[in-house]
Amino acid sequence: MLLILLFMSSIKLVAWNVRGIMSSTICLSKLLKDSDCDICVISEHKLKERSLDYLSTIKKRYNCISKADALPRGYNAYHGKGGIAILYKTSLQFSVNELCDINSSRIAGIELKNQSYGSLFIFGAYLPSDDSIENYKSEINTLDTLYSYYSTYGNCIIAGDLNASCLGKDISTSNSSKSKELLKFVSRHHLLYAWGKIHNKGPNYTYITKQTMLDYILCNQSIYRKLRYYEILDEGAISSTSDHLPVVVEFAIDSNPHRVLNSCDKLPAWHKVTGAQINEYQKLLNDLVDMLIDKMRSYSYVDIDAINDEFVDILHTAADIAIPKCEFNPHTKPYWNADVKRAHDNERSKRRCWVLEGRPRGMHFDSYRMYKRAKAEFRHVQQAANE
């Protein structure tokens, strides 16, 4: 008789102040790949509102919700200021919804929900870096209201650059007034942080220049009890253009958080598949699965997670051998906002009309003239999006 051992799966969360995503894209892409994190909170991406869609092109298989800081009148710089974003894997076996009732451009939130786990709320925050204590209090009050409300419906995690320190060692190198406000908030909700109750791996700072702890992943006792590790990546651990260090945590959950079939980087090119390739795939699959079943029968017990991983590897191995692939190119559409999409759809529509009329050439043909205008508009909108 087989004894099946069930082990809890986990969620991995990263928080990082990238100090401008346009200079940190390659670094972030590699961090997402190397850490294989499920959720990544990005602080200070410095994108303007019109360019936020860029964040969704950085790494395949991640969706993104993001906010841009409001800019003062007369601001003419190419990049924006501040900004907060949350990237999450599309393979997460949760319904993921943006929390749209957050009245702040510095705080974003998502709810992860499924039947077996319930709700988990993750808030990304980039709190004010200026010296105004009133601005800071205003954002802390917003966080306080959000935490008080949503913590009644599920566990809450707050991650990001909070621009203040909870550590006594940082009194002389951080804004003490803001740090007091942050500590009051943390104490009020019994939140735990690195180098407090949480014993983490890595340095006791995240802001390299002053060696102060500004970036946090705050959690309650419930999440703390399920922590597998909490790490601040050392300087030099990753290629980085930022002066902040990433924070990485992993905590256990009671169910597998991923849809396995969405976890591969290359997708089958079904339009290229032949009948012979399908037959080869089926034969490979049958042979490999038979070997796995024989292996399972030889065990006195089965680690269901390990068997699941082996089965997934079998599916991928057979597909890699027999089925042609198509790859995602993150550089083909560096900016693809709503305006670009509308212009592209219009251009394709006008082109179809022109093709249906036999592809006549000359501006005296309406279909040709309208197609050329739509094409020029599409090019113009793309150029504007890339500025």
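Under mature numbering (1 follows the signal peptide of the UniProt record, and there is no 0), the residues of the sequence shown are numbered -16 to -1, 1 to 371, in order. Every residue gets a Cβ at the ideal spot worked out from N, C-alpha and C, and that includes glycine.
Backbone CA spacing between L71 and R45 [nearest angstrom]: 10 Å
In whole angstroms, give me the CA-to-CA distance for K162 and S113. 10 Å
Buried or exposed for Y59, please, with buried defined as at least 16 other CB atoms from any protein chain shown within 10 angstroms of its CB. exposed
For E234, which residues from the same chain have a beta carbon less than 6 Å from its beta carbon, with the 5 sequence-adjacent residues on both sides left out? S(-7), K(-5), R212, Y213
Per the DSSP calculation, G144 is bridged to which residue(s)? A109, Y200
Using 9 Å as the threshold, is the C-beta distance between F169 and C140 below it? no
Option nearest L108 by Cα separation, candidates V296, C203, H173: Reading off the sequence shown, one finds Gly at residue 108, where the question assumed Leu. Selected option, being the one with the closest Cα: C203.
Is the segment 9 to 22 close to the segment 47 to 63, with three or more CB pairs under 8 Å? no
For the alpha helix (DSSP H) holding S161, just list the boundary residues, first then last. 160 to 172
For Y191 and A253, what's the separation of their Cα atoms in angstroms? 45 Å
Pick from G93, K73, L166 that is closest to I117, judged by C-alpha positions: L166
E294 to G102 span [Cα, whole Å]: 28 Å
According to DSSP, residues forming a beta bridge with P252: K309
In the DSSP assignment, find the beta strand (DSSP E) that holds A61 and state where it starts and stops. Run containing A61: none; DSSP gives neither H nor E here.
Mind checking whether C150 and Y110 have CB atoms under 9 Å apart? no
Measure the beta-carbon distance from I5 to L39 and round it to whole angstroms, keeping in mind my assumption that it falls under 8 Å. 7 Å
Going by alpha carbons, who is nearest to A236 out of T225, K210, L127? K210
Would you identify the three-state DSSP class for H364, choosing helix, strand or coil? helix
Using a Cβ-Cβ cut-off of 7 Å (strictly less than) and excluding sequence neighbours within five positions of L268, which residues of its own chain qualify? A302, I305, A306
Ignore the nearest five residues each way along the sequence and tell me which others in K359's own chain have a CB closer than 8 Å to its CB. E331, K334, R335
Taking R34 as part of the alpha helix (DSSP H), name the residues at either end of that continuous run. Here R34 belongs to no alpha helix (DSSP H), and DSSP marks it neither H nor E.
Checking the sheet assignment: what are the DSSP bridge partners for K(-5)? E234
For the alpha helix (DSSP H) containing C84, list its first residue and its last residue. Premise fails: C84 is in no alpha helix (DSSP H) and is neither H nor E.
Go ahead and pull the three-state DSSP assignment for H228. strand
Using a Cβ-Cβ cut-off of 7 Å (strictly less than) and excluding sequence neighbours within five positions of G138, which residues of its own chain qualify? G102, S103, L104, F105
Check R353 in the structure and name its three-state DSSP category. helix
Can you round the beta-carbon distance between I26 and V2 to whole angstroms, since I take them to be within the 8 Å contact cut? 6 Å
Who pairs with N98 in a beta bridge, going by DSSP? G102
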